[in-house]
Every structure is written in structure tokens, then in C-alpha cells.
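Asker: Please read through the structure below; I'll follow up with questions.
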Amino acid sequence: MKKLTAFAFVALFVIMANAQLENGMSLRTRSEMYNMTDSNGNLSIYYDSQPWQRLVDLRFKPWISYRKNNYISAKAIFEIGDIQFGDSISGGGLGTDGVNIETKNLYLEITPNKDNKVILGLQPYRDFHRVILDSDLAGISWSNVYREKFTSKLAWFVPVDDNEDIIDGATYSFGNSVLIGDFNYDIDKNMKVGFNSLSEFVREKTADPNIHETSINLWFAPYFSGTFNNFHIETVLAATNKRPDLDIISGSEEDFGAESTGILFSLKTNYKIDSKTCARFNFLFRDGDSSSEGGYDTYFGYQNVTYYETGLEILTETGYGMNNIGNNVFSPISSFNTVGIILPSIFFDYKIKEGIKLTFGAGHATTPVELLILGSDGMYRPESWIGTEVDLKADIKLYEKVSFLPYLAVMFPGEWYDYSGEADMFFKVGMTLKTNL
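Read in this note's numbering, the sequence shown has 387 at position 386, and its numbers run on one by one without any break.
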């Protein structure tokens with residue numbers, strides 16, 4: 002994979018010698034305050050130990066594209082960020098001068114005809130509802146369009162390759178290989194069906210130099226999308242199967258860990274009431290298991306991380322939601338917490354005038370199975386209510402390509418946090434400035 006990346010890097014500069022140049026940039030500045038944690042960053046549910054945490058940071062993404070002809074092009078996307086104001090580690094402290102320029106994407110794109118495209122190098126990938134994977138990886142992908150209605154994508158990515166040592170003749174390694182198989186069929190201009198699939202073949206070292214992990218992990222997520230007059234609906238039903246496999250280097254022993262399976266259901270709808278008003282209903286179900294002993298029946302995304310967007314500000318995977326609060330993770334998907342989640346949410350969008358939109362949102366989160374929660378009196382009680390959240394947001398277009406997005410979120414903690422009902426509310430307030438040139 003290192004040679005593959007180096008080849009893409011060299012090819013980029015070869016094309017630069019005689020090519021059409023394009024460039025652009027995006028900039029995001031975010032300012033947030035929230036009171037969900039104590040001074041040590043751990044979850045806190047009482048005001049007397051909830052200082053207002055604050056964050057101001059920025060992210061800058063310049064990109065350069067070179068097109069040799071209609072068949073060959075190359076693109077490089079860099080990222081400078083996330084630079085937090087006052088933080089010397091990220092480059093926002095006194096004197097700045099942080100080392101924070103990253104290569105986000107760098108790839109060669111070959112388009113032999115209008116129906117086929119091959120991308121080689123560091124490239125982005127995401128599934129339909131971001132329930133499996135949404136990240137950047139090194140590898141090669143092939144996209145194809147057949148008879149204008151059937152599209153497919155096949156890819157080979159290598160997320161991990163630590164140059165595994167050859168200990169005996171039976172040892173091999175291509176690193177961790179990820180195979181992608183995505184297919185989509187356009188029924189008509191308003192409806193489509195398809196699926197995303199990911200197969201991971203793990204081959205990496207463990208803490209014990211004599212044991213290698215060689216598990217096979219599978220994800221499969223069929224989906225449907227349809228528009229019927231003013232109503233739009235998207236559904237995804239995802240399933241996973243993971244089976245840890247530890248190989249003893251001598252080749253005489255093999256230990257299969259507990260097999261784990263799980264399902265997830267995602268529903269997103271949109272109904273246009275009139276030219277100014279829109280109603281949206283989302284629903285997320287992730288199955289739960291009260292114990293991980295002997296394997297667990299709970300859905301997790303790739304490497305237990307995902308970027309699923311619920312539309313809420315606290316009960317979400319994006320931004321500084323609950324998934325960023327120390328070891329107390331109660332986010333919808335990424336937490337390695339086997340109790341799962343049931344999260345219905347509703348939103349109303351109102352267009353005040355051209356360039357200004359207000360959004361009201363609310364969500365109620367519970368778990369499919371109860372978990373014993375330790376109370377302040379030392380007693381364990383089964384609980385399932387995570388909390389109820391209410392949001393108010395605005396999307397203001399300041400200029401043609403500049404947007405300002407202020408928001409306020411309040412979460413009423415459920416019995417998950419304090420069965421006595423005395424937990425104080427969580428607040429999150431912030432604003433984001435975005436531009437894309």
C-alpha cells in the first residue's frame with residue numbers, strides 16, 4: 002500500500018507538467034459552549050460540578066486539481082485544522098506555528114469512457130446513511146454505470162498495514178484488507194434501491210508477538226429512496242457479523258473468539274408542507290444486548306466508529322455530541338455499549354425569507370434493553386431512558402457562498418443518569434461559519 006500511495010503521488014506531479022489547473026478551498030469556523038462535563042472532561046449531571054466548557058476552532062481545506070485530458074486527472078486535498086484557539090498543541094496558542102497541515106486526499110482518476118472511472122490513491126468513501134463507514138482510505142476503486150440505471154462500485158482499501166513479520170512459512174500479510182461492493186438501481190427518476198457492503202479481512206499483530214489476529218468482519222446494508230409528490234423517504238436496514246480469530250504463530254493452535262452480530266434500522270423522511278415549511282421525521286433503531294458475554298447482539302459500524310447524523314446536536318455522532326464525553330458514551334452508534342438505542346426525532350424547517358431558515362427539532366432516546374444503573378444511594382436499578390432533546394437552529398446565507406449557522410440545544414437527562422429525576426439539564430450553544438470557494 003505504501004508503494005501504491007507513492008505511485009499516486011508521483012503520478013500527480015507528472016500530470017502537473019502539462020495539465021489544466023483548478024483550485025478551491027473551504028473554511029469552517031466553529032464556536033461552542035456546553036455544560037455536560039466536569040473540569041476533568043467526565044460526564045456530570047449536576048450544575049454544581051458543570052463548568053461551561055468552551056471551544057473555538059477552525060478548519061481550512063484547500064484543494065488543487067489537474068486535468069491532463071478527458072481521460073486522466075489528479076486531485077490533492079489538504080486539511081489545516083482542527084486548530085483550537087488558545088491550544089498550543091493544535092497550533093492555536095501563543096506564537097501559533099503549529100505543525101497541522103494534513104494530506105486528506107491524493108489520487109489519480111482515470112476515466113476511459115463515460116461509464117467507467119478508476120481512482121487510485123487516498124480517497125473518500127461513505128455508505129448511503131453513513132452507518133458503516135465515512136472516512137478517507139488508501140486503495141483503488143472502480144465505479145461503473147450500466148445502461149444509465151445500474152451503478153456499481155468495487156474497491157480495495159488498506160486501513161492498517163504494520164509490515165507484519167514473517168515468523169514461519171504459514172505467515173502472510175497484506176495488512177488489513179477492506180473490500181467494498183456497492184450497487185444501486187434507479188427504478189425511475191424518483192425511486193432507487195441498492196446496497197452497501199464491506200468485508201474486512203484482518204491480519205495484524207496483537208500485544209502478544211506470538212499471536213496474530215485474522216478475523217473476518219462483514220457489513221451489509223440494503224437501502225431504498227423514493228420521492229412521492231411532496232414526500233421523500235429513505236430507509237436502511239444494516240446488519241453486521243464479526244468473528245474474532247486469534248492464530249498462534251506455531252500454526253498448531255487457533256482460538257475463535259465470541260461471534261457478534263447485530264442489526265440497525267434508519268429511517269429519514271421529508272414532507273414539504275408548502276413553499277416555506279417542511280416537516281421531517283427520523284427514526285433510528287440499533288438492537289441491544291444486556292451483556293457482551295459470549296458475544297453480543299448489537300450493531301456497530303466499522304471499527305466501532307461511525308458518522309451517522311441524527312439531526313440533533315447532543316444525541317448525535319457529529320460535532321461535540323455525547324460521543325465525545327470521556328468514557329461515558331451514550332451516542333447512537335459509535336459507543337462500545339451493547340444496550341443499543343431507539344431514537345425517534347422530528348424537525349420543522351421554516352423559510353423566513355430567501356437565505357434565512359429556522360429549524361426546530363426534538364428527539365427522545367431510550368434503549369431496547371435495560372441496563373443496571375448505579376444510583377447515588379449505592380443501589381442498582383434497571384433503566385432505559387437516556388434523555389429527551391430540544392433544538393433550535395438557524396441557517397443564514399450571508400453571501401453567495403458564506404453561511405452562518407447558530408444553534409441552541411437542551412437535553413433533559415433521563416433515568417439512565419439519575420433515576421431520582423434530579424439530574425440537571427444539559428445545554429449546548431454554538432455557531433458555525435462556513436464558506437466554500
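Backbone N, C-alpha and C define an ideal beta-carbon position, used for all residues, glycine too.
Can you list, in chain order, the residues of its chain with a C-beta nearer than 7 Å to that of Asn386? Leave out the 5 residues immediately preceding and following it.
Answerer: Note on residue identity: the sequence assigns Trp, not Asn, to residue 386. Excluding sequence neighbours, Trp386 sits near Thr367, Gly415, Glu416 and Trp417.
Asker: If I measure Cβ to Cβ from Phe229 and keep anything under 8 Å in the same chain, skipping five residues before and after, which residues do I get?
Answerer: Asn191.
Asker: Starting from the Cα of Phe361, find the closest Cα among Phe282, Lys402 and Arg148 and give me that residue.
Answerer: Out of Phe282, Lys402 and Arg148, Phe282 has the C-alpha closest to the C-alpha of Phe361.
Asker: Using the Cβ count rule (16 or more neighbours within 10 Å means buried), how would you classify Ala424?
Answerer: Classification for Ala424: buried.
Asker: Give the range of the beta strand (DSSP E) segment to which Ala222 is assigned.
Answerer: Taken as a continuous stretch (DSSP letters only), the beta strand (DSSP E) holding Ala222 covers Ile217 to Phe229.
Asker: Rounded to whole angstroms, what's the CA-CA distance from Ser226 to Tyr308? Just pull it up for me.
Answerer: In a straight line, the C-alpha of Ser226 is about 20 Å away from that of Tyr308.
Asker: Could you say if the region 118-133 and the region 94-101 meet the contact criterion of at least three C-beta pairs nearer than 8 Å?
Answerer: No: the two stretches stay apart, fewer than three of their Cβ pairs being nearer than 8 Å.
Asker: Quick one: Cα of Tyr224 to Cα of His233, how far?
Answerer: The straight-line gap from Cα to Cα measures roughly 14 Å.
Asker: In whole angstroms, what is the alpha-carbon distance linking Ile84 and Ile188?
Answerer: Distance between the alpha carbons of Ile84 and Ile188 is about 45 Å.
Asker: Under the three-state reduction of DSSP, which class applies to Tyr303: helix, strand or coil?
Answerer: Three-state DSSP puts Tyr303 in a helix.
Asker: Let me confirm a value: Tyr321 is counted as buried when at least 16 other C-beta atoms fall within 10 Å, else exposed. Which label applies?
Answerer: With a pLDDT of only 41 at Tyr321, under the threshold of 50, the placement of this residue in the model should not be trusted; the figure read from the coordinates follows. Under this definition Tyr321 is a buried residue.
Asker: Can you say whether Ile334 is buried or exposed, counting buried as having 16 or more other CB atoms within 10 angstroms of its CB?
Answerer: Bear in mind that the predicted position of Ile334 carries a pLDDT of just 38, short of 50, making it too unreliable to give a figure here.
Asker: Mapping DSSP to helix, strand and coil, what is Met412?
Answerer: DSSP places Met412 in strand when its eight states are reduced to three.
Asker: How is Arg204 classed by DSSP in three states: helix, strand or coil?
Answerer: Three-state DSSP puts Arg204 in coil, outside helix and strand.
Asker: For Tyr35, which residues of its own chain have a beta-carbon under 6 Å away from its beta-carbon, when the five flanking residues on both sides are left out?
Answerer: So the list reads Gln54 and Lys429, once near-sequence residues are dropped.
Asker: Going along the chain, which residues of its own chain have a beta-carbon closer than 7 Å to the beta-carbon of Tyr72, five neighbours each way excluded?
Answerer: Ile111, Thr112 and Pro113, listed in sequence order.
Asker: Taking 7 Å as the cut-off, is the CB of Thr112 close to at least one heavy atom of the ligand COA?
Answerer: By its list of ligands, the structure shown contains no ligand whatsoever, and the ligand COA lies outside what it can speak to.
Asker: Compare the Cα-Cα distances from Met432 to each of Leu409, Met426 and Phe413 and report the closest residue.
Answerer: Residue Leu409 is the option with its Cα nearest to Met432.
Asker: For my contact list, Gly302 and Leu134 are in at a C-beta cut-off of 8 Å; report their separation, rounded to the angstrom.
Answerer: Between Leu134 and Gly302 the Cβ distance is about 7 Å, and since that is below 8 Å, they are a contact.
Asker: What residue range is occupied by the uninterrupted beta strand (DSSP E) comprising Trp1?
Answerer: The structure shown does not extend to residue 1, since the chain spans only 2 to 438, so no value can be given for it.
Asker: Buried or exposed, going by whether 16 or more other CB atoms sit within 10 Å of the CB of Ile168?
Answerer: The predicted position of Ile168 is uncertain, since its pLDDT is 47 and thus under 50; no value can be drawn from it.
Asker: Express the C-alpha separation of Ile343 and Gly263 in angstroms, rounding to a whole number.
Answerer: Cα to Cα, Gly263 sits roughly 14 Å from Ile343.
Asker: Let me confirm a value: Ile120 is counted as buried when at least 16 other C-beta atoms fall within 10 Å, else exposed. Which label applies?
Answerer: Result: buried.
Asker: What does the Cβ neighbour count give for Met412, buried or exposed, with the cut at 16 atoms within 10 Å?
Answerer: By the neighbour-count rule (16 or more Cβ atoms within 10 Å), Met412 is buried.
Asker: Using the beta-carbon count (16 or more within 10 Å), is Gly327 buried or exposed?
Answerer: Per-residue confidence for Gly327 stands at a pLDDT of 37, beneath the threshold of 50, marking its modelled position as unreliable; the derived number appears in the next sentence. Counting Cβ neighbours within 10 Å, Gly327 comes out exposed, since fewer than 16 surround it.
Asker: Could you tell me which of Thr339, Glu355 and Glu149 sits nearest to Leu373, measuring between CA atoms?
Answerer: Looking at the Cα atoms, Thr339 is the closest of the given residues.
Asker: Can you look up Arg244 in the DSSP assignment and give me helix, strand or coil?
Answerer: It is a strand residue.
Asker: Could you please give me the residues that DSSP links to Asp350 through a beta bridge?
Answerer: DSSP, once it has assigned bridges, lists Cys279 and Thr360 as partnering Asp350.
Asker: Using a Cβ-Cβ cut-off of 6 Å (strictly less than) and excluding sequence neighbours within five positions of Leu406, which residues of its own chain qualify?
Answerer: Cβ within range, chain order: Asp396 and Thr433.
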